[in-house]
Amino acid sequence: MAAPRQTLTLPPCWQPAEPPAPPDTEARRARDYLRGLRPALAAHIKGRDYDVHRLVTHYTAQIDHILTALYQQTITNPAIRLYAIGGYGRGEHFPASDTDILILAPDDSTAADHAQIEACIAHLWQLGLDISQHVHHDHDLNTAATADTDLLTALLENRQLAGTPHPIDPARPPLIARTAYIRAKQQEQRARDHKEEQHGQLEPDLKNGSGGLRDLHMIRWLSAYCYHDHSYTTLIAKNLLTANEAAALDESRDSLWRIRFALHNSNGAHRKNTLDFGQQQHLAAAFAYHDQRNYPAIEQLMQHYYRHTMRIRRINQRVVSLIEADHQPPQPAIPLNADYAAKNNKLILRHPENLNNKPHQLWDIFHYLQQNPTISDLHPDLVRQIRRSRDRLTDIATRRDADDRRRFLALLAQPGNVYPQLKRIHQYGLLYRYIPAFAYITGRMQYDLFHQHTVDQHTLNLINTLDQLVRPDPAYPEAADTLRRLKHPAILYLAALFHDIGKGYDGDHSDIGAQIADLYARENDAISPAERDLLVYLVKHHLDHSHTAQKKDLADPATIAEYAARFPQRDYLDYLYLLTIADIRATNRNLWNNWRASLIHNLYRQTRHLLEHQEHSLHTRHRAERERAKTLIKNAHPAAIDALWANLPDAYYLGESAEHIAAKTEHLLAHGDAHAVSLSAGYPPRLTISSPHPADILFARVTHYLEKHNHNIHEARLYSTHDHRLTIQQYTLDDTPPPAPGLAADLEHHIADDRPPPPLGARLPKPAYRHMTVPAHVNITHDPDHGRTTLELTCKDRHGLLSHISRILLAHHIHISHAKIGTYGEKVEDTFHLTDSEHRPLTDPATIAALQQDLMQALQ
């Protein structure tokens, strides 16, 4: 689609001074002109379809005029030539782009010539542009370009601005072999992709991200170097690119150009190619996106962006693959069986017409790749055929064909080898055609710091993680054995495909996703009613295991019993456990840590035990752990252990392993009624603290100390002995940063003081946090079954938050018995179990209202 035409009144062009001014004066005039030009051009950014081509062309032309004028004022030898290279040479100088130039001097240049070159460069730097200059002599330019493919590529796009005409073409003859140049560009792309994988997709790089401008440039670079054509004409003529694909690339380029031009003209754009959270807000407003229900303006902008980058990457991969194949020696196709052959170790059809006549063969192609890992990929010719025929291959009749659906499910029944094929299927635009609801989450970004990827990419990452679970890994306890036990692995992978599909609609995404999955299964003869029930359950409840593990008290047998009662069948727990591990790991690479792994596995282990041994209560199991702990305690008489345990509440042992019970008991036996802190050697780090101070004072001082020293608390358990002489508290910490060797001794000194701690000093929030809004919410409910009150709060994360909350509770004389601390990006979700000073639940409405008011004021 051609760039939209608008009636623009462009700012006046640059004009040299009359009469001519000295170069210093002229450079200052030009700098002032450029400072005024940028906002004048920015005034034309109206809506999302403005004519960015005219603005970029006009800006580039003014840079040409200014550089040429300064060259003419400082260079007297016309044999010294000035070239625009790189993006500037391409005619794409954006307001904050680097100004790449080449100054080429003759081999016989003099000292006076070099002095003029230095003076010219000095004047160019006065312009306020980011000048990137390359200075070479005629004889060494090719040598330098041969050794540096970045320079070689920049020279491909040169335009001579001044000096005696002298064309430069590093592709005639090629300075390096064309195959070597292709490999170099592919390696650069892989390096860019790896960098993006490390940083996620929250704040994408317009230039270097997957499907960004560099992917567009790459196609033209290869065309220029391999075919001496900077346009798409030769690629189309050689059947390496279709006319429709060329038009699609131009449309997507225009979209990225509009975003980039607006970004470069934004006052808050500190990273000129990074679409950070602040700029996403700014551009969504500038491009006239408006919030809709369940679809904020920012997410509309980013989905628009990601759909274009996905299209660019799809076309880039196919075209680059075809160009690569075009430069390989011709090889005959090697027959593999009656249907398939290999060409350059890539799969082709021996009878291409069969794909059109037998649409179900589409899934057989990917199944063959799945079963034959020595075949590296699909041949570009086969990819082209699939893309051309994909609408007919996935039409309604084909999608409803029972045989076709069985073949698709067969792809999902290969744990450990599903992701590579689904990645290809999605890349070729087949997945959302086969499952239409998937289109609504393709490119869909969630505006928070928790979800690092678009919803469709997160789904693929989840499937990749499921594949990885086939290999035993301590990071995923029991997962490999559990996966091997599954009777219906395809249903697990299908649940992964559907688990977030409801996010493309307005409403609870779990319920909506379950409805979509139910409809898919009911129309699918290859899925039995029992498998359908399992699929729907997993999609509807895919968050249950995570929420229970991270927000509930897993030491409470009632928590485990209530959770176990949710499962219609015992094996549902296995499926949900695996889905939960993969979902968390695929959401945010920093989210899966030792603490979350222990929580998720602990809930799985306790629930499985209850489901398998209904006749044995959890209390029986806990008593067995306590008896085993006795055998682990060193240098203590059994009578002393029994006397100590008789003075402790049952909650002190519940949910604990024998090893942890033994370690906590040894701590109490060693320190008696004194202030004491012990730090466990394992992961996640655990602090056991005992003190004669009241629980609320101790909690306030401990949280103050830990937050002051940048330690994040995951969970806190608070107890007191039956005789009320000793307060005992247990804290589970994040292991980043790891506790310092002197932490226990330093904290022991800190808790000896019984005064309330002072407020922690304010700190600047993380840059991304400034653009995030999390409404504060405080919910206080009565829990009669446990004789306590539950406080749930949600707010934006900030330094010292837990310490602040502890001081509020201290001021209200409210005690905490248990705390679960959850941080999800910029969002905090904490749960506290509270009692009054007499260890009774909060029942007075005035007390509850006052507490809620003080907390809301603190959190907002």
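Under UniProt numbering, the letters of the sequence shown match residues 1 to 860, in that order.
We treat Cβ as the ideally placed atom computed from N, Cα and C, and that holds for glycine.
Since we're looking at a predicted model, the values are computed, not measured.
| Asked | Found |
| --- | --- |
| Is the distance from the Cβ of Ala145 to the Cβ of Ala224 below 8 Å? | no |
| Just curious, the beta strand (DSSP E) that Ile131 is in, first and last residue? | Asp130 to His137 |
| Please report the straight-line C-alpha distance between Thr789 and Pro638, rounded to a whole angstrom. | 37 Å |
| Measuring only the C-alpha atoms, how far is Gln371 from Ala624? | 48 Å |
| Quick one: what does DSSP say Glu157 is sitting in, helix, strand or coil? | coil |
| Ends of the alpha helix (DSSP H) at Asp403? | Ala402 to Leu412 |
| Answer yes or no: do Glu748 and Thr732 have a C-beta to C-beta separation smaller than 8 Å? | no |
| In angstroms, rounded to a whole number, what distance separates the CA positions of Gly36 and Leu393? | 55 Å |
| Since Leu104 and Arg81 should fall inside the 8 Å C-beta cutoff, what is the C-beta to C-beta distance between them, to a whole number of angstroms? | 5 Å |
| State the beta-bridge partners of Tyr83 as determined by DSSP. | Leu102 and Gln160 |
| For Leu669 and Asp448, I'd like the C-alpha separation in whole angstroms. | 47 Å |
| Counting C-beta neighbours from all protein chains within 10 Å, is the total for Ala397 16 or more, i.e. buried, or is it exposed? | exposed |
| Pick out the complete beta strand (DSSP E) segments inside the UniProt domain "ACT" (790-860), 3 residues or longer, and give them in chain order. | 815-824 and 827-835 |
| On the three-state DSSP scale, how would you describe Glu245? | helix |
| If you run the structure through DSSP and keep just helix, strand and coil, what is Arg48? | coil |
| Output yes or no for whether 8 Å exceeds the beta carbon distance between Leu793 and Val774. | no |
| Quick check on Lys487: does DSSP put it in helix, strand or coil? | coil |
| Where does Tyr227 sit, in a helix, a strand or coil, going by DSSP? | helix |
| Closer than 6 Å by C-beta to Ala564: which residues in its own chain qualify, once you throw out the five before and the five after it? Chain order, please. | Thr607, Leu610 and Leu611 |
| In whole angstroms, what is the alpha-carbon distance linking Ser657 and Leu632? | 11 Å |
| Quick one: what does DSSP say Val778 is sitting in, helix, strand or coil? | strand |
| Between His367 and Ala410, what straight-line distance do the alpha-carbon atoms span, to the nearest angstrom? | 8 Å |
| Would you mind stating whether Leu578 and Leu460 have Cβ atoms separated by less than 8 Å? | no |
| Please name the residue in Ile131, Ala191, Asp113 and Pro784 whose C-alpha comes closest to that of Thr99. | Ile131 |
| Just curious, the beta strand (DSSP E) that Ile315 is in, first and last residue? | No beta strand (DSSP E) holds Ile315; the alpha helix (DSSP H) holding it covers Ala297 to Asp326. |
| Which of the three DSSP states is assigned to Ser546 in this structure? | helix |
| Can you find the residues in the same chain that come closer than 6 Å, C-beta to C-beta, to Tyr683, ignoring five residues on each side of it along the sequence? | Asn594 and Asp735 |
| Which residues bound the beta strand (DSSP E) around Val677? | Ala676 to Leu679 |
| Taking Ala555 and Gly672 to be in contact with their CB atoms under 8 Å, please state how far apart those CB atoms are, rounded to whole angstroms. | In fact, because the Cβ distance is near 25 Å, the residues do not count as touching under 8 Å. |
| Compare the beta carbon distance of Pro23 and Leu55 with 8 Å and say whether it is the shorter of the two. | no |
| Apart from the five residues on each side of it in sequence, which residues of its chain come closer than 8 Å, Cβ to Cβ, to Ala17? | Thr25, Glu26 and Arg29 |
| Per DSSP, what kind of secondary structure is Gln15 in: helix, strand or coil? | coil |
| Can you tell me the Cβ-Cβ gap for Asp276 and Glu203, rounded? I've got them flagged as a contact below 8 Å. | 4 Å |
| Just confirm the distance between the C-beta atoms of Thr835 and His815, as a whole number of angstroms; I'd bet it's less than 8 Å. | 5 Å |
| When you compare the CB positions of Val455 and Ile441, do they come within less than 8 Å of one another, or not? | yes |
| Express the C-alpha separation of Leu141 and Lys207 in angstroms, rounding to a whole number. | 27 Å |
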